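In the UniProt record's numbering, the protein residues as written are 1 to 186. Beta carbons are placed, not taken as given, at the ideal position from N, Cα and C, and that holds for glycine. Quick caveat: nothing in here was measured; it's all calculated off a predicted structure.
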């Protein structure tokens, strides 16, 4: 469902993107070329700041927002998802938040009030809350990173983790093409 927010903003979705019909895209949302938005995803830009303003939620080209993902923002703050980035099943990205290019966010992970540099990998069931991560940073499964976490204890992203992230992004771009081809059949 594509709908306006109470401020009257309507999502802008690239023609080449695929948005599953069960997804909800609401308000000041910009979805780039070849983006895949899976079933039951919710991308909702509808809250305003104290002056009535709102920054957009932007999803970069060739990225994928998988099944059940929620992307929202507090008080009109921006959320930016870079290009060729994967947000896996049932994750939450809550703004203010910036996620770089070629990032992988694993199942059930939560991002809030943070910036992730290009090439980061956040594995399944992890939380990044109030702490920015540099490029190519690796967060193991079930890890919680907060404002006071010592980042020096973590190893950089391995080659295999980067290759996995790239494969997921590539697979989802292929899904966009496949679903777009089927669009007139159902």
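Start and end residues, beta strand (DSSP E) containing residue i
i           : result
residue 95  : 92 to 99
residue 27  : 24 to 27
residue 129 : 127 to 129
residue 44  : 42 to 45
residue 111 : 110 to 116
residue 73  : 70 to 73
residue 48  : Premise fails: residue 48 is in no beta strand (DSSP E) and is neither H nor E.
Distance cut-off 7 angstroms: residue i Cβ against heavy atoms of the ligand COA
i           : result
residue 161 : The ligand content of the structure shown is nil, which means the ligand COA is not present either.
C-beta atoms of residue i and residue j nearer than 8 angstroms
i           : j           : result
residue 169 : residue 121 : no
residue 128 : residue 111 : yes
residue 156 : residue 136 : yes
residue 17  : residue 35  : yes
residue 109 : residue 81  : no
residue 191 : residue 54  : For the chain, the structure presents residues 1 to 186; residue 191 sits outside this window and is missing.
residue 93  : residue 71  : yes
DSSP beta-bridge partners of residue i
i           : result
residue 104 : 86, 121
residue 153 : Paired residue(s): none; residue 153 is not in a bridge.
residue 64  : 36, 86
residue 144 : 127
Residue i, enclosing alpha helix (DSSP H) - first and last residue
i           : result
residue 166 : 159 to 182
Contact set for residue i: own chain, Cβ-Cβ below 6 angstroms, skip 5 residues either direction
i          : result
residue 5  : 26, 27, 46
residue 89 : 66, 67, 68, 107
Would you be able to state if there are at least three C-beta pairs under 8 angstroms between the segment 149 to 167 and the segment 7 to 15?
Pairwise C-beta distances place the segment 7 to 15 out of contact with the segment 149 to 167, as fewer than three of them are shorter than 8 angstroms.
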